[in-house]
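Below is one structure, written out as structure tokens, with a few remarks after it.
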Amino acid sequence: MLHQSRLARSWPSSYRCAGQKNKRSKGTIMVERLSELDRDEALDGLPDWDWDEARDAISRRFVFADFNEAFGFMTRVALLAEKADHHPEWSNVWNRVDIVLTTHDAGGLSARDIDMAEAIDALVG
Numbered sequence: 084m085l086h087q088s089r090l091a092r093s094w095p096s097s098y099r100c101a102g103q104k105n106k107r108s109k110g111t112i113m114v115e116r117l118s119e120l121d122r123d124e125a126l127d128g129l130p131d132w133d134w135d136e137a138r139d140a141i142s143r144r145f146v147f148a149d150f151n152e153a154f155g156f157m158t159r160v161a162l163l164a165e166k167a168d169h170h171p172e173w174s175n176v177w178n179r180v181d182i183v184l185t186t187h188d189a190g191g192l193s194a195r196d197i198d199m200a201e202a203i204d205a206l207v208g
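The numbering of the sequence shown is this note's numbering, which starts it at 84 and goes up by one.
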């Protein structure tokens with residue numbers, strides 16, 4: 084089974100319910116942008132991810148043996164993203180997968196991005 088312990092614990096149950104959308108409405112949990120201090124602290128734990136200051140986002144390139152391995156990885160990430168209702172920006176060229184994480188509703192990097200990056204990292208060991 085995929086390592087999801089921190090991911091599953093850190094997000095409110097409303098994020099984990101099938102079909103639940105994160106919309107700005109009364110009674111919905113709002114996602115906040117990380118402060119500079121929180122961002123810097125979180126990024127210390129993600130040494131393989133690069134911070135894009137202009138977008139207030141993090142990115143990482145993954146390289147695999149071939150397309151099949153890269154696509155399998157994307158499928159596993161897609162399952163995590165769907166469960167969390169937090170979807171990455173990404174691209175794939177043969178054995179390479181580029182991922183960008185930012186929370187558009189928060190206007191930049193949020194705890195959801197950090198949690199997703201940690202969950203993605205756990206997939207590749």
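Beta carbons are placed, not taken as given, at the ideal position from N, Cα and C, and that holds for glycine.
Just so you know, these numbers come straight off a predicted model, no measurement behind them.
### Own chain, CB closer than 7 Å to T185, minus 5 neighbours either side, in chain order
As a first step, residue 185 is located in the sequence shown; it is residue number 102 there, counting from the start. So the list reads R138, D139, A140, G191, L192 and D196, once near-sequence residues are dropped.
task: Below 8 Å CB to CB, which residues in the same chain sit around E152 once its five sequence neighbours on both sides are set aside?
output: In the sequence shown, counting from the first residue as 1, residue 152 sits at position 69. So the list reads N178, once near-sequence residues are dropped.
Comparing alpha-carbon positions, which option in P130, R144 and A205 lies nearest L163?
-> Translated into positions along the sequence shown, residue 163 becomes position 80. Out of P130, R144 and A205, A205 has the C-alpha closest to the C-alpha of L163.
Query - Alpha carbon of L126 to alpha carbon of A194, nearest angstrom - result: Reading the sequence shown from its first residue, position 43 is the one you call residue 126. Reading the sequence shown from its first residue, position 111 is the one you call residue 194. Per the coordinates, the alpha-carbon of L126 lies some 11 Å from the alpha-carbon of A194.
Quick one: grab the DSSP three-state call for A140.
Locating residue 140 in the sequence shown gives position 57, counting from the first residue. In this structure, A140 counts as strand in the three-state DSSP scheme.
Original post:
Looking only at C-alpha atoms, which of D131, D135 and E136 sits nearest to V146?
Top reply: Taking the first residue of the sequence shown as position 1, residue 146 is located at position 63. Per the Cα distances, D131.
- Within 8 Å, strictly: CB atoms of R160 and I203: Locating residue 160 in the sequence shown gives position 77, counting from the first residue. Locating residue 203 in the sequence shown gives position 120, counting from the first residue. The amino acid at residue 160 is misidentified as Arg; the sequence shows Val. In this structure, I203 lies closer than 8 Å to V160 by Cβ.
Determine the DSSP secondary structure at F154, reduced to helix, strand or coil. One-based indexing of the sequence shown puts residue 154 at position 71. Note: F154 maps to helix in three-state DSSP.
Exercise. Is L120 helix, strand or coil when you go by DSSP?
Worked result: As a first step, residue 120 is located in the sequence shown; it is residue number 37 there, counting from the start. Helix at L120.
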